[in-house]
Amino acid sequence: MTLLSAVLTIPVLVMAWAPLPEREVAYSSASLSLATVVQIVIAGPFYPKALKALVFSRVIEMDLLIVLSTSTAYIFSVVSFGYLIAKKPLSTGQFFETSTLLVTLIMVGRWVAALARQRAVESISIRSLQASTAILVDKESGAEREIDARLLQYGDTFKVLPDIRIPTDGTVINGSSEVDESMLTGESRPVEKYPKSVVIAGSINGPGVMTVQLNRLPSDNTISAIAAMVDEAKLSKPKLQDLADRVASYFVPVVVALTIITFVIWVAVGVTIRGYDASEATIQAITYAITVLIVSCPCAIGLAVPMVIVIASGVAAERGIIFKSADAIEVAHKTSHVVFDKTGTLTQGKLSVVAKDCVDEDKLPLLLGLIENSRHPVSVSVAAYLKDTGVMASTVPEPKSLTGKGVETTLGGRRLRAGNSRWLNLSEHELVQPMLAQGYTVFCFTIDNALQAVYALEDELRPDAAGTIETLQKRGVSVHVVSGDDD
């Protein structure tokens, strides 16, 4: 509609402002036709909305001022056109360009607001975490078939394959794995899942295969709940919006009163000072009154607060911050305390090797061969570190991932294992214990239960974390950290 309004308005502006040949009736007729289409088709929806609010709700809205200003300019132009056809043209001419341009500018303003809203919505990728398909398992026959995830129902059982996003909330009934829940918790370390463990929609399964009993429908799962919370914040009405509405309710009557005063004053000026007769003075006064109506169209008041809420909610959600309501955005400037989670918030959620101790460096190629295809964050970090130090991977036969433990295989009758110290019974080892005491994540490599290498890892601090905390403290905000880590 905005494009149509612009297309119809441009010829009217050209005929009104361009130095065209003297064919006033023809140009005015064309302007009348185009302006009529704009007034009925484009501006038409404003009328019922404004009148319903006025008659049934006894509320004076911004649309009423839009209706008054565009209608007055259009009706005056139609009357002026009638006098032109009767060969008694008014001195003011027609204002078809005024009514059409005003409608177009209003439509452009609303289009810009809608575009900003759409971009804000697109920036929120929460719903993109929802898996589109699921593998449904028949309870009786055990047969499996892939279906649209939206078709899942209560009582259904579905299978989750390795490295697949979990389609909806449920409880594990068979199998085990490690699940990446960083999309919700910010924690980089996978969470071990066993039978009776709860899994969350949108989280990513690790190396294992699990069979899950559905707890919540995709339309009502964790992802939908978070997305609904964001939508609620965008659509909720803050107290500042009530103030804007009250201003608008007084603004429109004031503008109408000023329009009437302007009309009366200019009629008096025309008759008493300029020496016009009553008809000419009235015509001139109408043009000034129309001007007051038009320049008072309050698009800014009507759009300012909603635009701020929509854009602020969208930008915040894009950065992982969710406001439960618009009121929270409004009072955010009064914040006195900020509590940060450490992992994934102040840190990047990516582990890096900070210390190591090798018993036999000649065995490191075996370690890299064992873990280089593992997707566990600790294994990935250690493998990257080994490659950066020039270690070349040896070929090892089919490493097996064990949920919550590590990776193992057998090579030439020797058992190769890499994983956490608890699994390998090395928590009290003289090389391991100091690293554990400092709160590091410890990764061990053994051959036939003999320790060959141990690595200490920790999460990297975000580059902007220190600056953010410093800025908050300068503003008098108390900063706290909540973490389950030992350090």
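So in the numbering used here, the last spot in the sequence shown is 476, and the numbers never skip. Note that CB positions come from ideal geometry on N, CA and C, so glycine has one too. Because the structure is a prediction, the values reported are computed rather than measured.
Where SER88 falls: helix, strand or coil (DSSP)
The residue given as residue 88 occupies position 99 in the sequence shown. Three-state result, SER88: helix.
Taking VAL126 as the reference, which of LEU405, VAL97, ALA138 has the closest Cα?
As a first step, residue 126 must be located in the sequence shown, where it is residue number 137. Out of LEU405, VAL97, ALA138, ALA138 has the C-alpha closest to the C-alpha of VAL126.
Roughly how many angstroms separate the alpha carbons of ALA62 and ALA15, rounded to a whole number?
Start at 1 with the first residue of the sequence shown, and residue 62 comes out as number 73. Start at 1 with the first residue of the sequence shown, and residue 15 comes out as number 26. Taking the straight line from one Cα to the other gives about 20 Å.
Excluding the 5 residues preceding and the 5 following ARG406 in the sequence, name in chain order all residues of the same chain whose CB lies nearer than 7 Å to its CB.
Here the question's residue 406 lines up with position 417 in the sequence shown. Closer than 7 Å at the Cβ level, and outside the excluded window around ARG406, lie GLY395, GLU397, LEU413, THR435.
Measuring alpha carbon to alpha carbon, tell me which of GLY408, ASN204, ASN438, ALA305 ends up nearest PHE147.
For the purposes of this step, residue 147 is identified with residue 158 of the sequence shown, where counting begins at 1. Nearest option by C-alpha distance: ASN204.
Among all the DSSP beta bridges, which residues are the ones paired with ARG406?
Reading the sequence shown from its first residue, position 417 is the one you call residue 406. BP columns for ARG406 point to GLU397, THR435.
Return the CA-CA distance between SER383 and GLY358, expressed in angstroms with no decimal places.
Along the sequence shown, one-based indexing puts residue 383 at 394. Along the sequence shown, one-based indexing puts residue 358 at 369. So the alpha carbons of these two residues sit roughly 5 Å apart.
N-terminal and C-terminal residue of the alpha helix (DSSP H) that GLU387 is part of:
Within the sequence shown, numbered from 1, the residue matching residue 387 stands at position 398. Where GLU387 is concerned, there is no enclosing alpha helix (DSSP H), given that its DSSP letter is neither H nor E.
On the three-state DSSP scale, how would you describe SER165?
As a first step, residue 165 is located in the sequence shown; it is residue number 176 there, counting from the start. DSSP places SER165 in coil when its eight states are reduced to three.
The beta strand (DSSP E) enclosing GLY338, as first and last residue numbers
In the sequence shown, residue 338 corresponds to position 349, counting from 1. Counting along the chain, the beta strand (DSSP E) containing GLY338 begins and ends at 336 to 347.
Once the 5 residues before and after PHE65 are set aside, which same chain residues still bring their CB inside 7 Å of it?
The residue given as residue 65 occupies position 76 in the sequence shown. Correct list, in chain order: PHE84, ILE275, ILE279.
Tell me the DSSP bridge mates of ILE311?
What you label residue 311 is simply residue 322 of the sequence shown in a count that begins at 1. DSSP, once it has assigned bridges, lists no residue as partnering ILE311.
What would DSSP say about THR174, mapped onto helix, strand or coil?
Within the sequence shown, numbered from 1, the residue matching residue 174 stands at position 185. THR174 falls in the helix class under three-state DSSP.
Using only alpha-carbon positions, find the residue among SER341, LEU140, PRO184, VAL304 that is nearest to ASP448.
Taking the sequence shown and counting its residues from 1, one reaches residue 448 at position 459. That would be SER341, whose Cα lies nearest to the Cα of ASP448.
Could you tell me the alpha carbon to alpha carbon distance between VAL48 and TRP100, rounded to whole angstroms?
As a working note, residue 48 is residue 59 in the sequence shown. As a working note, residue 100 is residue 111 in the sequence shown. Answer to the nearest angstrom: the Cα atoms are 24 Å apart.
What's the gap between the Cα of GLU181 and the Cα of LEU118?
Here residue 181 corresponds to residue number 192 of the sequence shown, with the count starting at 1. Here residue 118 corresponds to residue number 129 of the sequence shown, with the count starting at 1. Approximately 20 Å between the Cα atoms of the pair.
Would you report the Cα separation of TRP255 and PHE312, rounded to the nearest angstrom?
As a working mapping, residue 255 is identified with position 266 in the sequence shown. As a working mapping, residue 312 is identified with position 323 in the sequence shown. So the alpha carbons of these two residues sit roughly 52 Å apart.
Take ALA42 and list the residues in its own chain whose beta-carbon comes closer than 8 Å to its own, dropping the five residues that flank it on each side.
Your numbering for residue 42 matches position 53 in the sequence shown. Within the same chain, ALA42 has close Cβ partners VAL48, ILE49, GLU50, ASP52, LEU53.
Compute the Euclidean distance between the alpha carbons of PHE329 and ALA317, then round it to the nearest angstrom.
Position 340 of the sequence shown holds residue 329. Position 328 of the sequence shown holds residue 317. The straight-line gap from Cα to Cα measures roughly 18 Å.
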